[in-house]
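Engineer:
Number of protein chains: 2
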Amino acid sequence: MINVGKQIIGFETSADAREMISSINTSTGEKMASFSVATITEVDRAVEKATAAFQIYRKISGVRKAEFLEAIADEIIGIEDELITICCAESGLPKGRIEGERGRTVGQLKLFADLLKEGSWLDARIETANSERVPLPKPDIRSMQMPFGPVLVFGASNFPLAFSVAGGDTASALAAGCCVVVKAHPAHLATSSLIGKAINKAAISTEMPDGVFSLLFGDGPVLGGLLVKHPDIKAVAFTGSFGAGKAIYDMAVRRETPIPVYAEMGSTNPVFILPQALLEKSQSLANGFSGSVTLGIGQFCTNPGMLIYESADAAPGFIQKLEEEFRQTSGGVMLTGDIYKSYTAGVEKRSGMSGVETLAKGNYTANLNVASPILFKIKSDLLKIHPDLSEELFGPSSVIVEANSKKDIIEIAKNLSGHLTATVHGTDSDLVEYKDLLDILEQKVGRLLINGFPTGVEVCSAMVHGGPFPATTDQKTTSVGTAAIDRFTRPVCYQNMPDKLLPDELKNENPLSIWRLVNGNLNKEVIK
Amino acid sequence: MINVGKQIIGFETSADAREMISSINTSTGEKMASFSVATITEVDRAVEKATAAFQIYRKISGVRKAEFLEAIADEIIGIEDELITICCAESGLPKGRIEGERGRTVGQLKLFADLLKEGSWLDARIETANSERVPLPKPDIRSMQMPFGPVLVFGASNFPLAFSVAGGDTASALAAGCCVVVKAHPAHLATSSLIGKAINKAAISTEMPDGVFSLLFGDGPVLGGLLVKHPDIKAVAFTGSFGAGKAIYDMAVRRETPIPVYAEMGSTNPVFILPQALLEKSQSLANGFSGSVTLGIGQFCTNPGMLIYESADAAPGFIQKLEEEFRQTSGGVMLTGDIYKSYTAGVEKRSGMSGVETLAKGNYTANLNVASPILFKIKSDLLKIHPDLSEELFGPSSVIVEANSKKDIIEIAKNLSGHLTATVHGTDSDLVEYKDLLDILEQKVGRLLINGFPTGVEVCSAMVHGGPFPATTDQKTTSVGTAAIDRFTRPVCYQNMPDKLLPDELKNENPLSIWRLVNGNLNKEVIK
């Protein structure tokens, strides 16, 4: 139990303010600890330190940065049970889930460490000089990716480890060579503090510069606003609601010097069930879908909030199985009281809408902040009158949409806004027949799944956890997987730079043995 | 001589409006032709056609898109002398320059064609499934780049061929698989019309869809505003002034669905002369710099608008040579009357500022729109009082800044905003001694040149013609070179997609024999 949690500002801690915010046990409502709210001076100090540290950190080799990331992973493992206990209490999530998430967090850090050790991610491009070329000689041009500078990361509520203080955004920004200032999410302040201390221990033990990492506590809009508008913050990463993400984006693009905002704002992740699959797999579909909607109390960005099927002979049987399966699901404690309130209000609103049928409810106990799973059913026409039914309702709920025909299905797909994922269940012949549906969906999402469920995001080199607006504010990026590192770098080119002054990645000798595009050809060769 | 120039809307032409704008011979002020102004209906029609055509064009193979780009190049060459004559008259630029620019334009189109034929640019990434993995099986995940949709390109005044209707932005957007709507620059309407027709001929002969390309004429803010705000426009490319570029950016980020704006807004491109170089190369530096400032009447984004040197024994000799060399330079007709007016006003303002010395003037004849080259000299302290002296003045002018010490040089560098380029002239020992200057400059620019001049931008795979704001609105991109194609695509991933439904780039067989990142390893292998 912490008495007063302090800001972590580089290698110092600080608690200037008398104003406090509390860490709350979401299952009991009990206060677990108090945290001092960051003052303007503390914010400035954190960014100032990050800016100074960046001049050192950006020059540190990939191998040494990898050691830092690996040390963070080790330090997190080293916190042992205290981390699990506190994180479960703050988030309401069960032990198994938090242990799994710790594994994922550590795995992500190691994945980026491996990427740095291999080194080719920097996209080195070399065009050698040709003094004989007419009419003008060709200069020597060499380019590679370089980090931006201090990056602001907002901790996310729904992944208190994997997308919070040492989560994917922090790991990828540190890997890119940026210093990081994290705004702790109020839903898990004590967890954040533990992880922040672990990062700092790792920074000290691997001799990283003071200021490579800071962690600040405070009110979202106030502290977030100060940081987003700070002239020395060069980019922002955020995972959370559309409202908060869009507000951050709007602030950032209105700065005197606009900065990129990588906001992953969730989506409805529509699931389409094609006719043959409906006929052949109705039991496993009903089971799999119910599980995906209620997994983690529905608190995933990739939670399937909409299922679309075509009315057919097989449909009533499928709907009945869905009802039966969904009645077996269970609710649970939500991440925060606010999330619970907002879920309940959304459910209440939908329940009261004309044309919206309550198809099934899951089990739950009427305890503090415990969400009850609920499945709604509508006819597709209602989407035209109430397009908000296709918007995300964060929690264990989904809307089953009955379409009249293939044409209707295609119309629904065409009218979709940007989503993180879309899923299609179909037999081989379904998929061929509905190729036009796939063609539309791939233009609406970051990830198109066949015969699966969108929850569960593989952390790998090919993952795209992103998508067109409003799923994210930058459809060119992913926040999961190795490509997430690209968000924090920009290309720089050197013209006629003497070899010895070039970064190692671009030297003739190719001392790091990385892949490079040399005069248009990809190779690992030494340049003579 | 055209009577009334018409909008090119896919394969149709149209001139609904009575309102006209004129093509002007910038040297004589004579009207060369009238062009009908695009109506709202015509704008909608062009975007509607682009949107429909996109559904076909995005599926066309890289090899066939390459044929289209090569056909555009051939059609441009086929216009022969008419293009050169009209372009010279509208732009005031000499024949040799326009011929060279035509070569560059054609070369760019062919460079992108080659990129498409090779095919690896799509960044294919494949992670194969592993059903044995615990605790959860690994799905099959495959990702690649996909085009956005219709792209709006603003023709630039200063490269009436290479950065206008069929210039780098159009070539890279078409190569990416996007359909393009160009807003013709009012400075060269007849040139634009000729090129637009050439593109359409190429589209027809290579059987591209109607709507893959359109060209509209009209008033900048009105027509530009309609297009930027059009909900079906998915990205914008622009080269021009900070004012216009920033206005476009502000509109685009305030849309209901924000879209990316790639605005290259020019910069001052500071040139630093280090002490030994000043001593050893003063004659060639004076000559080279004077040439770079006045090349193309100073109408380049990379024109060096500031030269910084350290006061030393050798300095007065250098300044004297600079004076002598600059007096040999010549002015010429500027691209438009407005550009001339704005240059003249800027020169007048600087001439009248206390502390600003007029070091030298070039030759010119007092004809219509003819700019006079002028070199100003200031002490570095004045930059603190008048930071606008470090802003771009578009035309054949530059500011010579005398610094007091190395410390002063470093301070100036630290205070720089984002620029397209920075240049350092130094001997080997200078460069070692001023390594900290290079470290600062690489963080301020897209391209760092050693012992050269920034004018002349090599079109190649390693070029970065971009840089931090305010040089551009997206420092992650380049508008010159093959990497410019990346501006118009986003990654999409497929999870467990049947092989036969995958794009060729991601199929097991690797039918296009492209480089792919397979389970983290780069290779061209077939997946078994």
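Taken in order, these protein sequences are the chains called Z and Y. Quick note: the first sequence uses the numbering used here, first residue 110, plus one each step. Quick note: the second sequence uses the numbering used here, first residue 110, plus one each step. Built from N, CA and C at the ideal position, the CB exists for glycine as well. Note that the structure is predicted; figures quoted are calculated from it, not measured.
#1: I want to see whether chain Y comes within less than 8 Å of Q217(Z), judged by CB atoms only; does it?
#2: For A271(Z), would you say it is in contact with chain Y, using Cβ-to-Cβ distances shorter than 8 Å as the test?
#3: Using CA atoms only, rank isn't needed, just tell me which of F347(Y), L394(Y), G320(Y), G354(Y) is closest to F562(Y).
#4: Quick check: the Cα distance between V510(Y) and A284(Y), rounded to an integer number of angstroms?
#5: Between which two residues does the alpha helix (DSSP H) holding R173(Z) run?
#6: Around the C-beta of Q429(Z), are 16 or more other C-beta atoms found within 10 angstroms, so that it is buried, or is it exposed?
#7: Does A293(Z) come out as helix, strand or coil in the three-state DSSP assignment?
#8: Starting from M360(Z), trace the alpha helix (DSSP H) both ways and give me its first and last residue.
#9: What residues in the region 547–575 of chain Z have a beta carbon less than 8 Å from any beta carbon of chain Y?
#10: When DSSP labels each residue in this structure, what does G212(Z) get in the three-state scheme?
#11: Compare the C-beta of M606(Y) with all C-beta atoms of chain Z and state if any pair is closer than 8 Å.
#12: Which same chain residues end up closer than 6 Å to S131(Z) when comparing Cβ atoms and leaving out the 5 residues on each side of it in sequence?
#13: Within a Cβ cutoff of 6 Å, which residues of the same chain sit near M110(Y), ignoring the five residues on either side of it in sequence?
#14: Using 8 Å as the threshold, is the region 433–450 of chain Y in touch with the region 301–308 of chain Y, meaning 3 or more CB pairs across them?
#15: Examine chain Z for any beta-carbon lying closer than 8 Å to the beta-carbon of S240(Y), and answer yes or no.
#16: Are G375(Y) and F503(Y) closer than 8 Å when you measure CB to CB?
#17: Distance cutoff 8 Å, beta carbons only. Does M110(Z) sit that close to anything in chain Y?
#18: Scan the region 573–616 of chain Y and note each continuous beta strand (DSSP E) run of 3 residues or more that stays entirely inside, going in chain order.
#19: Please classify V262(Z) as buried or exposed, where buried requires at least 16 neighbouring CB atoms within 10 angstroms.
#20: Measure the alpha-carbon distance for P367(Z) versus R596(Z) and round it to whole angstroms.
#21: Taking C-beta to C-beta, are R599(Y) and I235(Y) nearer than 8 Å?
#22: Strictly under 8 Å for the Cβ-Cβ distance: is C602(Z) near chain Y by that measure?
#23: According to DSSP, what are the bridge partners of L626(Z)?
#24: Quick check on this structure: which residue in L325(Z), C569(Z), N619(Z), I549(Z) has the alpha carbon closest to the alpha carbon of Q164(Y)?
#25: Could one say the Cβ of R173(Y) lies closer than 8 Å to chain Z's Cβ atoms, at least one of them?
#26: I want to verify the contact list: residues of chain Y whose CB lies under 8 Å from the CB of M255(Z), in sequence order.
#27: Tell me which residues of the region 351–385 of chain Z have at least one Cβ-Cβ distance to chain Y shorter than 7 Å, keeping chain order.
#28: Give the list of continuous beta strand (DSSP E) stretches no shorter than 3 residues that lie fully inside the region 378–413 of chain Z.
#29: Could you tell me whether the Cβ of F398(Z) comes closer than 8 Å to any Cβ of chain Y?
#30: Give the residues of chain Y in contact with K515(Z), contact being defined as C-beta atoms less than 9 Å apart.
#31: Chain Z partners of S252(Y), CB-CB under 7 Å?
#32: Which whole-angstrom value describes the C-beta separation of N605(Z) and L558(Y), a residue pair presumed to lie in contact below a C-beta threshold of 8 Å?
#33: Once DSSP output is grouped into helix, strand and coil, what is the label at M110(Y)?
#34: Is it true that the region 339–355 of chain Y meets the region 310–317 of chain Y, where meeting means three or more beta-carbon pairs spaced less than 8 Å apart?
#35: Does A475(Y) pass the burial test, meaning 16 or more other C-beta atoms within 10 Å, or should it be called exposed?
#36: Quick one: what's got a C-beta closer than 6 Å to R154(Z)'s C-beta in the same chain, skipping five residues either side?
Structural biologist: Let's see:
#1: Translated into the one-based positions of the first sequence, residue 217(Z) becomes position 108. It does not; no Cβ of chain Y falls within 8 Å.
#2: As a position in the first sequence, residue 271(Z) is number 162, starting the count at 1. Using a Cβ-Cβ cut-off of 8 Å, A271(Z) does not count as an interface residue toward chain Y, since no Cβ of chain Y sits closer than that to its own.
#3: Position 453 of the second sequence, counted from the start, is the residue given in the question as residue 562(Y). Distance check between F562(Y) and each of F347(Y), L394(Y), G320(Y), G354(Y) places L394(Y) closest, using alpha-carbon atoms only.
#4: For this step, residue 510(Y) is matched to residue 401 along the second sequence. For this step, residue 284(Y) is matched to residue 175 along the second sequence. Going by the C-alpha atoms only, they are around 43 Å apart.
#5: Numbered from its first residue, the first sequence carries residue 173(Z) at position 64. Per DSSP, the unbroken alpha helix (DSSP H) holding R173(Z) starts and ends at 171–187.
#6: The residue labelled residue 429(Z) in the question sits at position 320 within the first sequence. Around the beta carbon of Q429(Z), a 10 Å sphere encloses fewer than 16 other beta carbons of the protein chains shown; the residue is thus reported as exposed.
#7: To locate residue 293(Z), count along the first sequence from 1; it is residue 184. Reduced to three states, the DSSP call for A293(Z) is coil.
#8: Within the first sequence, residue 360(Z) is the residue found at index 251, counting from 1. 351–362 is the extent of the alpha helix (DSSP H) around M360(Z).
#9: Flagged, chain order: L547, D548, E551, Q552, V554, G555, R556, L557, L558, I559, N560, G561, G565, E567, C569, S570, A571, M572, V573, G575.
#10: On the first sequence, position 103 is the one that residue 212(Z) refers to. Here G212(Z) sits in helix by DSSP.
#11: Taking the first residue of the second sequence as position 1, residue 606(Y) is located at position 497. Judged by the 8 Å Cβ criterion, M606(Y) is in contact with chain Z.
#12: Reading the first sequence from its first residue, position 22 is the one you call residue 131(Z). Closer than 6 Å at Cβ, skipping near neighbours: K140, S143.
#13: Locating residue 110(Y) in the second sequence gives position 1, counting from the first residue. Low confidence applies here, because M110(Y) scores a pLDDT of 46, under 50, leaving its location unreliable; read the following figure in that light. Cβ contact annotation for M110(Y) (same chain, cutoff 6 Å, sequence separation greater than five): none.
#14: Contact between the region 433–450 of chain Y and the region 301–308 of chain Y is absent, because fewer than three Cβ pairs lie under 8 Å.
#15: As a working note, residue 240(Y) is residue 131 in the second sequence. So no, S240(Y) is outside the interface.
#16: As a first step, residue 375(Y) is located in the second sequence; it is residue number 266 there, counting from the start. As a first step, residue 503(Y) is located in the second sequence; it is residue number 394 there, counting from the start. Closer than 8 Å, so yes.
#17: Locating residue 110(Z) in the first sequence gives position 1, counting from the first residue. With a pLDDT of only 47 at M110(Z), under the threshold of 50, the placement of this residue in the model should not be trusted; the figure read from the coordinates follows. By this cut-off, M110(Z) is not an interface position.
#18: Runs of the beta strand (DSSP E) inside the region 573–616 of chain Y: 598–604.
#19: To locate residue 262(Z), count along the first sequence from 1; it is residue 153. Buried, since its Cβ has 16 or more Cβ neighbours within 10 Å.
#20: Residue 367(Z) sits at position 258 when you count from the first residue of the first sequence. Residue 596(Z) sits at position 487 when you count from the first residue of the first sequence. Cα to Cα, P367(Z) sits roughly 15 Å from R596(Z).
#21: Here residue 599(Y) corresponds to residue number 490 of the second sequence, with the count starting at 1. Here residue 235(Y) corresponds to residue number 126 of the second sequence, with the count starting at 1. Using a Cβ distance threshold of 8 Å, R599(Y) and I235(Y) do not count as a contacting pair.
#22: The count along the first sequence starts at 1 and reaches residue 602(Z) at position 493. For C602(Z), the answer is yes, since a Cβ of chain Y falls inside 8 Å of its Cβ.
#23: By 1-based counting over the first sequence, the position of residue 626(Z) is 517. According to DSSP, L626(Z) bridges with R234(Z), L631(Z).
#24: As a working note, residue 164(Y) is residue 55 in the second sequence. Closest by alpha carbon: I549(Z).
#25: Taking the second sequence and counting its residues from 1, one reaches residue 173(Y) at position 64. Not a single C-beta of chain Z is nearer than 8 Å to the C-beta of R173(Y).
#26: Working through the first sequence from its first residue, we reach residue 255(Z) at position 146. Per Cβ cutoff of 8 Å: E551, Q552.
#27: Residues V362, T366, P367.
#28: Taken in chain order, the complete beta strand (DSSP E) segments of 3 residues or longer contained in the region 378–413 of chain Z are 380–382.
#29: The sequence position of residue 398(Z) within the first sequence is 289, counting from 1. Closer than 8 Å to the CB of F398(Z) there is not a single CB belonging to chain Y.
#30: Sequence index remark: in the first sequence, residue 515(Z) carries index 406 (1-based). The contact set of K515(Z) on chain Y, defined by CB atoms closer than 9 Å, is empty, because the minimum CB distance reaches about 17 Å.
#31: The count along the second sequence starts at 1 and reaches residue 252(Y) at position 143. Within 7 Å Cβ-Cβ: A571, V573.
#32: For the purposes of this step, residue 605(Z) is identified with residue 496 of the first sequence, where counting begins at 1. For the purposes of this step, residue 558(Y) is identified with residue 449 of the second sequence, where counting begins at 1. Confirmed, Cβ separation roughly 7 Å.
#33: As a first step, residue 110(Y) is located in the second sequence; it is residue number 1 there, counting from the start. In this predicted model, M110(Y) has a pLDDT of only 46, less than 50, meaning its place in the structure is not dependable enough to derive any value.
#34: Cβ pair count under 8 Å is below three, so no.
#35: By one-based count along the second sequence, residue 475(Y) stands at place 366. Counting Cβ neighbours within 10 Å, A475(Y) comes out exposed, since fewer than 16 surround it.
#36: Looking up residue 154(Z) in the first sequence gives position 45. Here the set comprises I118.
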